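> Chains as they are written, first to last, in the numbering used here: chain A, 1 to 271; chain B, 1 to 288. Take this structure, written in structure tokens, and hold onto it; I'll ask about it next.
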């Protein structure tokens with residue numbers, strides 16, 4: 001894939017190295033094929049959106065990159081998936097270390113049933129940080145990055161479950177940021193949120209894209225158009241396996257789609 | 001719709017409700033009668049001396065302290081073995097074991113453990129702990145025997161408590177690079193703990209009431225002193241109740257009811273404790 005156009009944030013994609021790469025990936029759940037022959041390159045420090053109709057395997061595709069599909073009995077991956085050129089399905093790869101580098105935010109905000117502070121400190125603690133001062137610094141930095149600090153700085157010791165939905169989702173983002181990942185995977189992070197909270201998360205994503213590689217699965221076409229630099233359109237094939245229809249700059253995919261199916265989808269003719 | 005008129009539908013609804021209420025009353029009546037009878041007949045036997053003295057004349061005089069202490073030791077011994085093992089097996093079965101025929105048969109076996117008649121556990125304990133391991137007729141052998149029986153309950157309740165922790169928590173934790181064990185240790189277990197403890201307390205209260213298994217592995221007919229080591233024989237409330245009511249001629253009726261009352265209080269108080277733990281955990285979850 002040749003990438004030399006200017007991104008929405010003024011960066012030039014051509015200057016961005018490839019962060020994640022899939023090469024002819026097939027994903028199976030038992031005998032069911034969920035993804036077929038998907039090859040694409042995701043640039044670093046940019047936002048790549050995965051769009052497509054329900055059931056086309058968007059989430060499954062996203063979960064390739066932190067090997068979350070491993071948790072599903074019978075899941076099997078063929079082909080190459082690389083992070084910085086390293087094949088992450090190699091047997092020598094430490095999945096725990098991989099997930100530290102590739103964090104994930106889920107569809108439904110899932111703060112842990114503990115205090116705001118403990119939520120953010122959870123990751124660093126598991127990775128061996130125990131100095132309270134250090135953990136407090138990490139928590140403050142991560143909450144700032146997640147644009148949540150001002151709203152929660154006086155209730156760090158209160159239960160995270162008492163926060164609003166949008167705050168909970170930003171807390172989950174802070175929780176991921178606290179372990180200093182390189183990639184953040186977002187699986188429809190706004191689908192459970194109201195429009196105001198959604199805009200806040202989108203702003204946050206744009207800011208985070210300065211330093212992080214973000215891959216977002218979204219149902220919301222406007223969101224993909226607003227927020228992403230690159231966009232991949234996935235669709236179910238006849239046997240229900242998801243395939244890649246089109247991948248390119250968001251600006252081009254949305255204004256000048258090359259594939260008829262992409263055009264039909266983004267103009268709302270189906271899906 | 002005319003006011004005052006009772007339609008056929010309403011009539012059948014009233015009939016159904018009445019039937020259900022009557023059924024419920026029939027269900028709780030025996031429990032109420034038993035409890036009331038034991039309290040009325042047994043209260044007069046309860047005294048400081050009854051609770052703190054050793055028995056004499058085969059239980060006709062003196063108190064029942066060794067039986068009370070023996071029962072508490074048994075409950076303690078049972079849970080010391082059954083809780084850690086049950087929780088660990090519960091964790092393994094829910095978090096690590098792959099879904100295959102072996103796991104399914106283990107699960108089935110555990111469910112069926114609960115259905116094994118208690119005297120069979122007694123004979124198992126006699127064969128394994130008393131004879132094979134040479135623990136003799138002892139508190140230790142009895143505790144292990146009751147623990148085997150309680151395992152069915154502790155494993156099952158631990159599994160249910162662990163399964164009730166939402167998958168989203170586990171995913172959130174794994175997705176930031178926590179290991180599976182860290183996820184279990186720091187996220188799943190704290191959440192599952194009230195459920196696990198409730199199951200353990202109920203298992204203890206059930207062990208306190210068991211008569212048949214301990215009969216053959218160490219409970220003494222009459223032993224007016226407290227056990228000093230785990231290898232001593234012991235008295236226990238349910239077995240004592242059985243002996244004083246069936247094997248000692250001329251036993252004062254009040255004493256029999258008194259023993260029953262103490263046993264009932266011990267068992268019920270543990271059930272109440274389990275309920276309190278469960279309610280408090282639910283409250284905390286709602287407030288969180």
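Cβ coordinates follow ideal geometry from the N, Cα and C atoms, glycine included. Given the structure is predicted, the values throughout are model-derived calculations rather than measurements.
Can you name, in chain order, every residue of its own chain whose Cβ lies under 6 Å from the Cβ of residue 33/A, other than the five neighbours on each side?
Translated into positions along the first chain, residue 33/A becomes position 33. Answer for residue 33/A: 241, listed in chain order.
> From the beta carbon of residue 94/B, is the nearest beta carbon of chain A less than 7 Å away?
Within the second chain, the letter at position 94 stands for residue 94/B. Answer no: the Cβ-Cβ gap between residue 94/B and chain A never drops below 7 Å.
> By DSSP, does residue 2/A sit in helix, in strand, or in coil?
As a first step, residue 2/A is located in the first chain; it is residue number 2 there, counting from the start. In this prediction, residue 2/A scores a pLDDT of 38, lower than 50, which makes its location untrustworthy; no coordinate-derived value is stated.
> With which residues is residue 172/B paired in a DSSP beta bridge?
On the second chain, residue 172/B is found 172 positions in, with the first residue counted as 1. Residue 172/B pairs with nothing; no bridge assigned.
> Could you tell me the alpha carbon to alpha carbon distance between residue 213/B and residue 234/B, rounded to whole angstroms?
Mapped onto the second chain, residue 213/B falls at position 213. Mapped onto the second chain, residue 234/B falls at position 234. If I take the Cα positions, the gap works out to 14 Å.
> When you compare the CB of residue 182/B with every CB in chain A, is at least one pair closer than 7 Å?
Taking the first residue of the second chain as position 1, residue 182/B is located at position 182. True, the Cβ-Cβ gap to chain A drops below 7 Å.
> Among 94/B, 177/B, 130/B, whose alpha-carbon lies nearest the alpha-carbon of residue 161/B?
Numbered from 1 along the second chain, position 161 holds the residue referred to as residue 161/B. Ranking the options by Cα distance to residue 161/B, first place goes to 94/B.
> How long is the line joining the alpha carbons of residue 167/A and residue 211/B, rounded to whole angstroms?
If you number the first chain from 1, residue 167/A lands on position 167. If you number the second chain from 1, residue 211/B lands on position 211. Each residue's Cα considered, the two are about 56 Å apart.
> Grouping DSSP H, G and I as helix and E and B as strand, with all else coil, what is residue 36/A?
Taking the first residue of the first chain as 1, we reach residue 36/A at position 36. Strand.
> Any contact of the region 226-234 of chain A with the region 202-214 of chain A, i.e. 3+ C-beta pairs under 8 Å?
The region 226-234 of chain A is in contact with the region 202-214 of chain A.
> Start and end of the alpha helix (DSSP H) containing residue 135/B?
Start at 1 with the first residue of the second chain, and residue 135/B comes out as number 135. Unbroken run through residue 135/B: none, as it is neither H nor E.
> Nearest chain B C-beta to residue 99/A closer than 7 Å, yes or no?
Position 99 of the first chain, counted from the first residue, corresponds to residue 99/A. Closer than 7 Å: yes.
> Is it a yes or a no for the region 187-195 of chain A touching the region 100-113 of chain A, going by three-plus beta-carbon pairs under 8 Å?
yes
> From the beta carbon of residue 176/A, is the nearest beta carbon of chain B less than 7 Å away?
On the first chain, position 176 is the one that residue 176/A refers to. Chain B, which has a Cβ nearer than 7 Å to the Cβ of residue 176/A, makes this yes.
> Which chain B residues are close to residue 126/A, counting only those with a beta carbon under 9 Å from its beta carbon?
Locating residue 126/A in the first chain gives position 126, counting from the first residue. What residue 126/A touches in chain B: 173, 176, 177, 178, 179, 182, 183, 186.
> Between residue 127/A and residue 138/B, what straight-line distance do the alpha-carbon atoms span, to the nearest angstrom?
Position 127 of the first chain, counted from the first residue, corresponds to residue 127/A. Position 138 of the second chain, counted from the first residue, corresponds to residue 138/B. If you take the alpha carbons of residue 127/A and residue 138/B, they lie about 48 Å apart.
> Could you check whether the Cβ of residue 160/B sits closer than 7 Å to any Cβ belonging to chain A?
Locating residue 160/B in the second chain gives position 160, where the first residue counts as 1. Chain A, which has no Cβ nearer than 7 Å to the Cβ of residue 160/B, makes this no.
> Please report whether the beta-carbon of residue 73/A lies at a distance below 7 Å from any beta-carbon of chain B.
Looking up residue 73/A in the first chain gives position 73. Residue-level contact by beta carbon holds for residue 73/A and chain B, with a gap shorter than 7 Å.
> Alpha carbon to alpha carbon, what distance is there between residue 208/B and residue 48/B?
Position 48 of the second chain holds residue 48/B. Position 208 of the second chain holds residue 208/B. The straight-line gap from Cα to Cα measures roughly 22 Å.
> Please check the pair residue 125/B and residue 141/B, which I expect to be a contact at CB under 8 Å, by giving their CB distance rounded to whole angstroms.
In the second chain, residue 125/B corresponds to position 125, counting from 1. In the second chain, residue 141/B corresponds to position 141, counting from 1. Sure, about 6 Å apart at Cβ, within 8 Å.
> Roughly how many angstroms separate the alpha carbons of residue 275/B and residue 265/B, rounded to a whole number?
Taking the second chain and counting its residues from 1, one reaches residue 275/B at position 275. Taking the second chain and counting its residues from 1, one reaches residue 265/B at position 265. Whole-angstrom Cα-Cα distance: 15 Å.
> Give every residue of the same chain whose Cβ lies closer than 8 Å to the Cβ of residue 103/A, excluding the five residues on either side of it in the sequence, and list them in chain order.
Here the question's residue 103/A lines up with position 103 in the first chain. Closer than 8 Å at the Cβ level, and outside the excluded window around residue 103/A, lie 66, 176, 177, 179, 181, 183, 184, 185.
> Say whether chain B places a C-beta atom closer than 7 Å to the C-beta of residue 32/A.
Here residue 32/A refers to the residue found at position 32 of the first chain. It does not; no Cβ of chain B falls within 7 Å.
> Thinking C-beta only, is residue 217/B closer than 7 Å to residue 64/B?
The count along the second chain starts at 1 and reaches residue 64/B at position 64. The count along the second chain starts at 1 and reaches residue 217/B at position 217. No, the pair does not count as a contact, with Cβ atoms beyond the cut-off.
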